[in-house]
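Peer 1: Numbering (this note's numbering), first residue to last: 15 to 261.
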């Protein structure tokens with residue numbers, strides 16, 4: 015199940031009260047996103063949300079002929095926002111775990127990006143084994159296990175930062191928990207700041223997000239290290255389930 019649940023960027027939808035088509039056309043669809051995970055979502059200086067997910071969400075709403083309203087929710091509370099009815103849908107990088115699939119429904123993936131480690135340019139973990147190799151976690155099991163063992167040995171003793179509830183956290187928990195100290199954060203911004211200031215040794219994140227922050231002066235010394243963790247695209251998941259009244 016680990017191989018089949020990691021590394022999709024997915025749009026999560028909850029249909030606790032599936033409205034009729036005529037009612038849906040008149041209602042406002044509230045979509046939650048983090049508001050910091052560039053280039054997928056970001057908050058402009060005027061407080062408005064923007065990014066790929068916002069543009070995609072607006073296009074979907076236009077296609078469905080409904081009005082959509084985007085709100086920013088801390089990543090560690092984004093699933094809860096569905097369950098308590100604060101949001102009708104969530105767009106974000108969440109792992110499709112069995113526990114989550116019991117209470118919410120996942121759409122097909124709208125984007126794919128490898129998960130990677132990031133560290134400071136001159137730090138002790140800047141040259142991890144299998145540098146920039148594509149490591150397919152659904153591929154040859156022997157080769158995968160050997161590469162994972164090599165990386166595990168190299169990062170033993172490291173403190174790794176992850177956003178709580180993220181795909182990166184699923185990666186770390188599944189393959190790199192032994193021998194490392196895992197530090198969880200509410201937002202990607204908090205992880206970035208602690209890495210840049212040397213309070214953690216590495217962070218695990220999406221490569222596309224890392225590429226974006228590396229272009230800023232504050233994080234110009236942050237580099238990718240080790241392999242690119244990914245898997246083959248997942249199949250679309252089944253029927254929708256209610257997000258209310260479940261825990």
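For every residue, glycine included, the Cβ atom is placed at its ideal position computed from N, Cα and C. No experiment lies behind these values; they were computed from the predicted model shown.
1) Does the distance from the CB of residue 43 to the CB of residue 103 come in under 8 Å?
2) Which word fits residue 219, buried or exposed, when buried means at least 16 other C-beta atoms lie within 10 angstroms of its C-beta?
3) Please go through the same chain and pick out, in chain order, the residues whose beta-carbon is closer than 6 Å to the beta-carbon of residue 261, but skip the five residues on each side of it.
4) Between which two residues does the alpha helix (DSSP H) holding residue 70 run?
5) I'd like the list of long-range same chain contacts for residue 208, defined as Cβ closer than 7 Å, with 5 residues on each side in sequence excluded.
6) Short check: CB of residue 68 to CB of residue 83, under 8 Å?
7) Within 10 Å of its beta-carbon, does residue 206 have 16 or more other beta-carbons around it, so buried, or fewer, so exposed?
8) Which word fits residue 98, buried or exposed, when buried means at least 16 other C-beta atoms lie within 10 angstroms of its C-beta?
9) Counting Cβ pairs closer than 8 Å, one from the stretch 232-247 and one from the stretch 122-131, do we hit at least three?
10) For residue 141, collect the residues of the same chain with a Cβ closer than 8 Å to its Cβ; drop the 5 residues on either side in sequence, then sort them by chain order.
11) How about residue 48 and residue 106: do their beta carbons lie closer than 8 Å?
12) If you draw a straight line from the C-alpha of residue 90 to the C-alpha of residue 230, how long is it?
13) Quick one: which unbroken alpha helix (DSSP H) runs of 4-plus residues sit fully inside the stretch 112-137? Chain order, please.
14) Comparing alpha-carbon positions, which option in 204, 203, 183, 202 lies nearest residue 195?
15) Around the Cβ of residue 245, are there at least 16 other Cβ atoms within 10 angstroms (buried) or fewer (exposed)?
16) Does the beta-carbon of residue 161 have 16 or more other beta-carbons within 10 angstroms, so that it is buried, or is it exposed?
17) Going by DSSP, what residue range makes up the beta strand (DSSP E) through residue 244?
18) Identify which residue in 111, 62, 45, 78 has its Cα closest to the Cα of residue 92.
19) According to DSSP, simplified to helix, strand and coil, what is residue 187?
20) Would residue 189 pass as a contact of residue 51 if the rule is Cβ separation under 8 Å?
21) Looking only at its chain, what residues have a beta carbon closer than 7 Å to the beta carbon of residue 71, apart from the 5 residues adjacent to it on each side?
22) Any idea if residue 212 is buried or exposed, counting beta-carbon neighbours within 10 angstroms, 16 or more meaning buried?
23) Since residue 172 and residue 145 should fall inside the 8 Å C-beta cutoff, what is the C-beta to C-beta distance between them, to a whole number of angstroms?
Peer 2: Reading it off the structure:
1) Yes; because the gap between Cβ atoms is below 8 Å, this pair is in contact.
2) By the neighbour-count rule (16 or more Cβ atoms within 10 Å), residue 219 is buried.
3) Reliability of the predicted coordinates at residue 261 is poor, the pLDDT of 26 falling under 50, and the value obtained from them is presented with this limitation in mind. Cβ within range, chain order: n/a, list empty.
4) Unbroken alpha helix (DSSP H) run through residue 70: 66-78.
5) Closer than 7 Å at the Cβ level, and outside the excluded window around residue 208, lie 175, 214.
6) Going by C-beta atoms, residue 68 is not nearer than 8 Å to residue 83.
7) With 16 or more other Cβ atoms within 10 Å, it is buried.
8) Residue 98 comes out exposed.
9) By the Cβ rule, the stretch 232-247 counts as touching the stretch 122-131, because three or more pairs are nearer than 8 Å.
10) Here the set comprises 239.
11) Judged by their CB atoms, residue 48 and residue 106 are nearer to each other than the 8 Å cut-off.
12) Rounded to whole angstroms, residue 90 to residue 230 spans 25 Å at the Cα level.
13) The qualifying runs are 112-115.
14) It is 183 whose Cα lies nearest to the Cα of residue 195.
15) So residue 245 counts as buried.
16) Burial is judged here by how many other beta carbons sit within 10 angstroms of a residue's own beta carbon; residue 161 has at least 16 and is buried.
17) For residue 244, the uninterrupted beta strand (DSSP E) run begins and ends at 236-244, by DSSP.
18) It is 45.
19) Here residue 187 sits in helix by DSSP.
20) No, the pair does not count as a contact, with Cβ atoms beyond the cut-off.
21) Excluding its 5 nearest sequence neighbours in each direction, residue 71 has C-beta neighbours in its own chain below 7 Å: 45, 82, 84, 105, listed in chain order.
22) Flag for residue 212 reads exposed.
23) Cβ atoms of residue 172 and residue 145 stay farther apart than 8 Å, at about 16 Å.
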